[in-house]
Structure formats: structure tokens, C-alpha cells
Amino acid sequence: MKTTLIIATILASLIGILSVISGSMVLLGLRSVDYRVLDWLVVYNVSLGIISIMVAYQIGKQHRKSKLMIISILLLHLLVLGYLYFFNESVAVESIKAMAFRVGIWGAIILLTLIKIPKTTHNNIKI
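Structure follows, in C-alpha cells:
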């Protein structure tokens, strides 16, 4: 597997696992925060975290629909970020930063899956 796909798989796995763990801890009351928590946003983050783990598996297996799933997750995160930033006055700055971070990670993941690096031999001749 190409190095770029390995990196994309690792990034998608990590962001998914971290979202599930962090969100689940808040939902179960195991972690309290000193800012206002939007319950629907935490549920969204956990749900997309689970989906992210499944998409990471698809990226690793080079499934033909993995790019479509990556773009879908990126667009969903962009829509939620836009809503939080422009339309929700009660959202914590931390929530906006976390969603912007997710958008950045998924933007990097789609770029990594689209990169075409030609193979070279020892003489720097393209194969």
C-alpha cells in the first residue's frame, strides 16, 4: 500500500477513535468540562467517529467508495462548522476549534488519497 494511503488510514483511525472516546466520556458523565456542552453535537461527534473508523478501514482496503465517504464526512463537518460559527450563539469556542480541527484533518485525508506519486527505480526512471 502507498505511504500516503497508510498515513490517511492512520489519521482517519485516530480522529475516529479520539472522537468516540472523548464524546462517550462526556455523554456518560465521566468527564466534565467548564463550558456549555451541546448534547446533539457530542452525539454527532461520536456517530461520525464510529463512521470514521469504518472509513479508515475502507481507505486501508482501497475500497472504491472510500473517497466518496471521505468527501461526505468532510462536507458534513463543514456544514456543522458553518452552523456553529454563523448560527449558534450558545456554542463554546472549544467546539468550533474542535470542528475546525476535524475539517482540517479530513481535508488532509482527501488530499492524501488523491496524491499520485509515480514509482521510480534506482536510476530515477519512472515506471
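Start counting the sequence shown at 1; every next residue gets the next number (full-length UniProt numbering). A virtual CB, placed ideally from N, CA and C, is assigned to each residue, including glycine.
Proximity below 7 Å, CB of residue 112 to CB of residue 8: Taking the sequence shown and counting its residues from 1, the one referred to as residue 112 is at position 112. Taking the sequence shown and counting its residues from 1, the one referred to as residue 8 is at position 8. Yes.
Here's the rule: buried if 16 or more other CB atoms are within 10 angstroms of the residue's CB, otherwise exposed. What is residue 93? Counting from 1 along the sequence shown, the entry for residue 93 is found at position 93. When all chains shown are included, residue 93 counts as exposed.
Short Cβ contact (7 Å threshold) for residue 99 with residue 81: Counting from 1 along the sequence shown, the entry for residue 99 is found at position 99. Counting from 1 along the sequence shown, the entry for residue 81 is found at position 81. Yes, they are a contact pair.
What span of residues does the alpha helix (DSSP H) with residue 39 cover, start to end? The count along the sequence shown starts at 1 and reaches residue 39 at position 39. Note, residue 39: alpha helix (DSSP H), 39-60.
For the alpha helix (DSSP H) that residue 29 lies in, which residues bound it at each end? Translated into positions along the sequence shown, residue 29 becomes position 29. Premise fails: residue 29 is in no alpha helix (DSSP H) and is neither H nor E.
Hey, quick one: how far does the alpha helix (DSSP H) through residue 90 stretch, first residue to last? The residue given as residue 90 occupies position 90 in the sequence shown. Residue 90 -> no alpha helix (DSSP H), and no H or E assigned at all.
When 27, 87, 21, 101 are compared against residue 77, the one with the closest alpha-carbon: As a first step, residue 77 must be located in the sequence shown, where it is residue number 77. It is 101.
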